[in-house]
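A quick write-up on the structure given underneath.
In the working numbering, the protein residues as written are 730 to 962.
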């Protein structure tokens, strides 16, 4: 019988790289589209300021209306598509890059990430990390809109089916206490929060309320000691 193993599953956005970098890259792409297609100027600085104020979900109609009060619904759709269609240039957090590299070959690793599946796959490609993972699940590809985004347990069930054998243990590593750890905690996984102090004011999702059943079992300020913690699980 094969020896039971620890399967290490990661979140992506703001866990392995700063999601703010992706957002700003998308703003540049959307602003270029507005300039070339609509002939209007959308200020990336204005979009970034709204992002930092917590308006990511609402900023697109706000800035497009400011730049072009007479825009139509199709203009807004095109503007948002340009954001998603960006070719991202991204870089791992330094501590994450070191941790991942040190774990290659020693652990079976997976990735579960929310969001538009095509956009998330583009991030993985830009970061050149696909080869690190034995299995990747894009929750946006599992159903319409956000139906199977975390905290829905389906992605965790699928990861267990893909990587698990009898007796194997799983750990999920994420950054968002409002959704990341509910399902893995409920399934008996270990859970680790990465809470980098230097990014607390620049994360896309800040000042999160801990979901019921979603408190992490371990909190680290970065991934420097991650391997040491995993050895103790």
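Yeah, the Cβ is synthetic: ideal placement off N, Cα and C, and Gly gets one too. Since the structure is predicted, the reported quantities are computational estimates derived from the model, not experimental observations.
Residue i, buried or exposed, once every other Cβ within 10 Å from all chains shown has been counted against 16
i: residue 909; result: buried
i: residue 771; result: buried
i: residue 860; result: exposed
i: residue 918; result: buried
i: residue 939; result: exposed
i: residue 839; result: buried
i: residue 730; result: Because the pLDDT at residue 730 is just 45, under 50, the model does not fix this residue reliably, and the value given afterwards should be weighed accordingly. Exposed, because fewer than 16 other Cβ atoms sit within 10 Å of the Cβ of residue 730.
i: residue 926; result: exposed
i: residue 799; result: exposed
i: residue 922; result: buried
i: residue 914; result: buried
i: residue 875; result: exposed
i: residue 737; result: buried
i: residue 870; result: exposed
i: residue 942; result: exposed
i: residue 891; result: exposed
Integer Cβ distance of residue i from residue j, believed to fall under 8 Å
i: residue 828; j: residue 956; result: 7 Å
i: residue 749; j: residue 931; result: 5 Å
i: residue 741; j: residue 830; result: Not really, about 17 Å apart at Cβ, beyond 8 Å.
i: residue 906; j: residue 937; result: 5 Å
i: residue 912; j: residue 877; result: Going by Cβ atoms, the distance from residue 912 to residue 877 rounds to 11 Å, so no, they are not a contact pair.
i: residue 757; j: residue 797; result: Contact doesn't hold; Cβ gap of about 18 Å is too wide.
i: residue 760; j: residue 773; result: 5 Å
Range of the contiguous alpha helix (DSSP H) that encloses residue i
i: residue 791; result: 788 to 796
i: residue 933; result: Careful: residue 933 lies outside any alpha helix (DSSP H) and carries neither H nor E.
i: residue 959; result: 955 to 961
i: residue 913; result: 911 to 915
i: residue 834; result: First-last for residue 834: undefined, no H or E at that position.
According to DSSP, residues forming a beta bridge with residue i
i: residue 821; result: None, per the DSSP bridge assignment.
i: residue 784; result: BP columns for residue 784 are empty, so no partner.
i: residue 742; result: 746
Residue range of the unbroken beta strand (DSSP E) whose run includes residue i
i: residue 737; result: 735 to 739
i: residue 808; result: Counting along the chain, residue 808 falls outside any beta strand (DSSP E), though it belongs to the alpha helix (DSSP H) covering 802 to 813.
i: residue 947; result: 947 to 949
i: residue 907; result: That residue, residue 907, is in no beta strand (DSSP E); it is neither H nor E in DSSP.
i: residue 922; result: 919 to 923
Only counting runs of 3 or more residues, tell me where the beta strand (DSSP E) segments fall wholly within the stretch 837 to 901, in order along the chain.
837 to 842, 864 to 867
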